[in-house]
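These notes concern the structure reproduced below.
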Amino acid sequence: MKRFVLAGIFYLFVFPLLTRAQEDNISKSEWLWQMAEQEQKIAAFIAGQLKNEPEKERLRKEFLAADRHEEVLSEAVLAEVIENNIVGHYRDTYFKLHPQAVSIYNPGRVRLEATQAAKPTGAGSTNMLCNYGDFETATPSNLSMQGYNGYRSGYTGGVCNAVPQTNVTYAGVGFGNPDDFLVTNNVPDPYVSGLKQTNNGSKHAIRINAPTPCPARNEINMLQKSFYSPVSGKARINFSYALVAEHPPYDHLGVNTFFLARVLDNSGNELGTRICVPTKVPPFYNTWVKACGERGAYVAWKDWTCAYIDFDAEATKTYTIEFFVADCAGPAHFAYAYVDDICAEIDCCPNLPDPPSNLKCVPDNNSSILSWNPVPGALSYAVSLTTNDPACCRESNFGLAKLLTTTGTSVTVPNTFASCFSWRVRAIMSEDCSTEPSAPMCSCTPPPPGPVGLNCTPGTDASNLSWIPIPGAVSYKVSITTNDPACCPNYGFGLAKLITTTTPNVSVTRAFAACFSWRVRAVLADGTETAPSASLCSCTPPPPPPTGLGCTPGTDVSNLYWNPVPGAASYKISITTNDPACCPNSGFGLAKLMTSTSPNVTVPRNFAECFSWRVRAVMPDGTETSPSAPLCSCTPPPREGGGGTGRFMNDETSLSGKMAVSAVPNPASEYIQFTVSGRDKQKTSGRLSVSIYDINGKEVVRKEMNEQDQLRLDIHAFANGVYTYEIRSSREPLFKDKVIVEK
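Structural data, given as structure tokens:
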């Protein structure tokens, strides 16, 4: 039993009489009269044209020259086919000369009126959707009263494109000729015994076109029915259909048979997505039969299937569904379709399984291998790709949708087809049914190898970068990391910068980036980016160093100065204490660093006594000049002190100019005798101590002196080297100097 309701958001049905706005809003009888009147004008025009025998003969020869039919037609049939083509030619000419006449054939002009006929089987009182869509009460004599219109036209080729996106101007033929339309019964098809002429055991359906006359006359038939919606929104109209088409042993490219269904609005414009099935496109069953008497031929057929068209509807507007079936324009080969269940509630794809799962992507040689788990019962799989999807592809260009089909559970996508993309897969369960798509996944195509042969040539305040060009590259992206520690030690915090160029070279000025590392990627014509190249350091020559270095001695200080460097933000002064070039026999030295924002600095004796020094200027962008030539310090030597050769720590409170320190022998190999004399014990009461430090400043030993301020220190365990010793009271250090252990 068939139930007739809308499979969509709302119902579309022939509603009791409403007042509604429409372009023409004429009655069906008025519309039929206007078309009949126009057909009289067309017939008169064609009759006049057919009197032009020379032109008629020219058209006849033109048809014969274009005829691709390899089979021999009788003279009578061939004459009829030629006549039909010439008449069709003049009919088309009429509408080209009178384009305003095209709108007369628009079914949307008709006011839909309430009918009192019996409701479709199983229909309720409120869901009179497209009355009589099941054809259960249909007869050739009442189809027109049930809202159907039948048409015929010549067909010269074009397959799906033979039907324009607007209303057609076919001639109305009604339902009296079974070669055009036939109300069918629940019996097998005359050529395909496995195909019933109605769907799901119903009593009746309708056949559009026919296997007769034989051979076919290259014609196209169209069935039409109008309806409207009481509300606005998304709508869907369902139907069922089956197809049968005679197939020649050769292919008439561009003129083959086809089935097409579509929906028009009340202005005669197509809505939604039309369904067009060329009968040379699988899946079809093929059966060898004897058609047209004793002539044998393959018959391709498609079993009953359901389909639907979604569209946006407006309340009270007239909509029309149309079904087209065309013979081969070759001519001679027939095609027909069975249609049923128009507007019925149909679940075209019941009990669909879940979409494919466990999607994986494995990178291969310049490709991505996509795979998924099989879905039981699936006939094939459709893999949808979205190239340059921003969810997967950084810095991508505009993307495109691409589709791959496979009967297996994996597919290889070369990066020439799609390099970076997202993908999802659907299981195709039947010709018309598929699962929902899987969740999207990203590709894993490895990028092409990056540029090689990177080189940096120093220029005037710039690094000139170059590399070997990549074939097919349309541009290059040069990534720069300023102050990269791998290239620029002690330069501070760095930044990432990007330069694009269409040539395999670029010049980077000091103002843009002074010291940096860099790598490059090529961008190919399809937007694919190569892997980045290896990293290389910049080669911008540093600014010239400070000049005019000088040193003026002060009280226990060296006053250092140099010529200012234009634009410098600060200066770094590198000091090497006890540099042998300046301080012979001074022992081990240390590197020290001072900074200054002015072109001078004072170095006190307690920071560095005897040293060499050089200076670098620091620019506002962090660039540093090369260091200057070294210069020696000029701190005056310390004044003489009691017998010690080292440095007293607190003259005023501890020494009063009388205390002396000795450490002998120096250099020493077995022991060192430390002696302090002339100490004012009222100011420095308690015993003194001696601390020994190695070259790293680590305390090696600390010993207390005796009451006579003496200490004999055994140094057998000491390694050779320079050591610092310090004499301390209980409160503060008094004296510091160096000793050498040399065995």
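The sequence shown begins at 15 in our numbering and counts up one residue at a time.
C-beta atoms are modelled at their ideal positions from N, C-alpha and C, and glycine is treated no differently.
Compute the distance between the beta-carbons of Cys648 and Pro567, then report whether it is under 9 Å. Here residue 648 refers to the residue found at position 634 when the sequence shown is read from its first residue. Here residue 567 refers to the residue found at position 553 when the sequence shown is read from its first residue. For Cys648 and Pro567, yes; Cβs fall inside 9 Å.
State the start and end residues of the unbroken alpha helix (DSSP H) segment that holds Met49. For the purposes of this step, residue 49 is taken as residue 35 along the sequence shown, with counting starting at 1. Here the alpha helix (DSSP H) through Met49 covers 42 to 64.
Whole angstroms is fine: what's the gap from Leu73's alpha carbon to Thr212's? Here residue 73 corresponds to residue number 59 of the sequence shown, with the count starting at 1. Here residue 212 corresponds to residue number 198 of the sequence shown, with the count starting at 1. Between Leu73 and Thr212, the C-alpha separation is close to 42 Å.
Closest by CA to Thr151, which one among Phe195, Val397, Lys217, Leu111? Here residue 151 refers to the residue found at position 137 of the sequence shown. Between Thr151 and the set Phe195, Val397, Lys217, Leu111, the nearest pair of CA atoms involves Lys217.
Nearest-angstrom beta carbon gap, Gly186 and Tyr169 [assumed within contact, 8 Å]: Translated into the one-based positions of the sequence shown, residue 169 becomes position 155. Translated into the one-based positions of the sequence shown, residue 186 becomes position 172. No, Tyr169 and Gly186 are not in contact; Cβ-Cβ is about 17 Å, not under 8 Å.
Thr334, enclosing beta strand (DSSP E) - first and last residue: Here residue 334 is taken as the residue at index 320 of the sequence shown, counted from 1. If you look at Thr334, you'll find it in the beta strand (DSSP E) that goes 332 to 340.
Let me check one thing: in DSSP terms, what residues is Tyr585 bridge-paired to? For the purposes of this step, residue 585 is taken as residue 571 along the sequence shown, with counting starting at 1. In the DSSP output, where bridge partners are listed per residue, Tyr585 has Ser610, Ala631.
Where Asp324 falls: helix, strand or coil (DSSP): As a working note, residue 324 is residue 310 in the sequence shown. Correct three-state label for Asp324: strand.
Give me the residue from Gly188, Pro178, Tyr119, Val173 with the minimum Cα distance to Thr153. The count along the sequence shown starts at 1 and reaches residue 153 at position 139. Among Gly188, Pro178, Tyr119, Val173, the Cα nearest to that of Thr153 belongs to Gly188.
Of all the options Tyr350, Val425, Pro404, which has the alpha carbon lying nearest to the alpha carbon of Ser381? To locate residue 381, count along the sequence shown from 1; it is residue 367. Closest in C-alpha terms to Ser381, from the list Tyr350, Val425, Pro404, comes Val425.
Relative to the alpha-carbon of Lys717, which residue among Asn620, Arg726, Pro503, Ala548 has its alpha-carbon at the smallest distance? Here the question's residue 717 lines up with position 703 in the sequence shown. The option with the nearest alpha carbon to Lys717 is Arg726.
Do Val258 and Tyr333 have their beta-carbon atoms positioned less than 9 Å apart in this structure? Along the sequence shown, one-based indexing puts residue 333 at 319. Along the sequence shown, one-based indexing puts residue 258 at 244. No, the Cβ-Cβ distance between Tyr333 and Val258 is not below 9 Å.
Rounded separation between Glu53 and Ile118 - CA only: Residue mapping note: residue 53 aligns to position 39 of the sequence shown, counting from 1. Residue mapping note: residue 118 aligns to position 104 of the sequence shown, counting from 1. One Cα belongs to Glu53, the other to Ile118, and the distance between them is close to 11 Å.
Tell me the DSSP secondary structure of Ala259 in three-state form. Stepping through the sequence shown from its first residue, residue 259 is reached at position 245. Three-state result, Ala259: strand.
Assign Arg630 to one of two classes, buried (16 or more other C-beta atoms within 10 Å of its C-beta) or exposed (fewer than that). On the sequence shown, residue 630 is found 616 positions in, with the first residue counted as 1. Counting Cβ neighbours within 10 Å, Arg630 comes out buried, since at least 16 surround it.
Does the Cβ of Arg701 have 16 or more other Cβ atoms within 10 Å, making it buried, or fewer, making it exposed? As a first step, residue 701 is located in the sequence shown; it is residue number 687 there, counting from the start. Exposed.
Quick one: grab the DSSP three-state call for Thr471. Taking the first residue of the sequence shown as 1, we reach residue 471 at position 457. Assigned with DSSP and collapsed to three states, Thr471 falls in strand.
For Thr543, list the residues DSSP reports as bridge partners. Locating residue 543 in the sequence shown gives position 529, where the first residue counts as 1. The amino acid occupying residue 543 in the given sequence is Glu; Thr does not appear at that position. Val537.
For His730, is the classification buried or exposed, using 16 other Cβ atoms within 10 angstroms of its Cβ as the cut-off for buried? Numbered from its first residue, the sequence shown carries residue 730 at position 716. With fewer than 16 Cβ atoms within 10 Å of its Cβ, His730 is classed as exposed.
Any chance the segment 503 to 518 sits against the segment 539 to 552, with 3 or more Cβ pairs inside 8 Å? Under the 8 Å Cβ criterion, the segment 503 to 518 does not count as touching the segment 539 to 552, having fewer than three qualifying pairs.
Cys290 - partner residues in DSSP beta bridges: In the sequence shown, the residue the question calls residue 290 occupies position 276. Cys290 is bridged by DSSP to Leu274.
Since I believe Ser243 is in contact with Gly358 (beta carbons under 8 Å), could you give me their beta-carbon distance rounded to a whole number of angstroms? Here the question's residue 358 lines up with position 344 in the sequence shown. Here the question's residue 243 lines up with position 229 in the sequence shown. Per the sequence shown, residue 358 should be read as Ala rather than Gly. Incorrect: roughly 17 Å between the Cβ atoms, too far for contact.
Along the chain, where does the beta strand (DSSP E) that runs through Gln687 open and close? As a first step, residue 687 is located in the sequence shown; it is residue number 673 there, counting from the start. Taken as a continuous stretch (DSSP letters only), the beta strand (DSSP E) holding Gln687 covers 685 to 691.
Return the CA-CA distance between Ser547 and Ala539, expressed in angstroms with no decimal places. Against the sequence shown, residue 547 aligns to sequence position 533. Against the sequence shown, residue 539 aligns to sequence position 525. If you take the alpha carbons of Ser547 and Ala539, they lie about 19 Å apart.
Can you determine whether any heavy atom of the ligand COA sits closer than 8 Å to the C-beta of Tyr242, and answer yes or no? For the ligand COA, the structure offers nothing, since it holds no ligand at all.
Best match in Val617, Gly735, Ile251, Asp728 for proximity to Glu336 [C-alpha to C-alpha]: What you label residue 336 is simply residue 322 of the sequence shown in a count that begins at 1. Considering only alpha carbons, the answer is Ile251.
Looking at the structure shown, is Thr430 part of a helix, part of a strand, or coil, going by DSSP? Taking the first residue of the sequence shown as 1, we reach residue 430 at position 416. Coil at Thr430, not helix or strand.
Between the CA atoms of Asp326 and Asp354 - distance to the nearest angstrom: For the purposes of this step, residue 354 is taken as residue 340 along the sequence shown, with counting starting at 1. For the purposes of this step, residue 326 is taken as residue 312 along the sequence shown, with counting starting at 1. A straight line joining the alpha-carbon of Asp354 with that of Asp326 spans about 23 Å.
Between which two residues does the beta strand (DSSP E) holding Pro747 run? Your numbering for residue 747 matches position 733 in the sequence shown. Going by DSSP, Pro747 is part of the beta strand (DSSP E) stretching over 747 to 755.
Can you pull the DSSP bridge partners for Cys565? By 1-based counting over the sequence shown, the position of residue 565 is 551. Leu574, per the DSSP bridge assignment.
Determine the extent of the beta strand (DSSP E) in which Gly422 is found, giving its start and end residues. On the sequence shown, residue 422 is found 408 positions in, with the first residue counted as 1. No beta strand (DSSP E) contains Gly422, which DSSP labels as neither H nor E.
With three or more C-beta pairs closer than 8 Å as the rule, is the segment 626 to 643 touching the segment 492 to 507? Output reads yes: the segment 626 to 643 touches the segment 492 to 507.
Would you list the residues sitting across from Glu638 in a DSSP beta bridge? Position 624 of the sequence shown, counted from the start, is the residue given in the question as residue 638. Answer is Val632.
In terms of residues, what are the limits of the beta strand (DSSP E) holding Leu512? As a first step, residue 512 must be located in the sequence shown, where it is residue number 498. Counting along the chain, Leu512 sits inside the beta strand (DSSP E) bounded by residues 510 to 515.
Let me make sure I understand the geometry here. Which of Leu417, Leu550, Pro557 has the alpha-carbon closest to that of Ser640? Here residue 640 refers to the residue found at position 626 of the sequence shown. Across the set Leu417, Leu550, Pro557, the C-alpha of Pro557 shows the shortest separation from the C-alpha of Ser640.
Reduced DSSP category for Cys174 - H, G, I as helix; E, B as strand; rest coil: By one-based count along the sequence shown, residue 174 stands at place 160. Helix.
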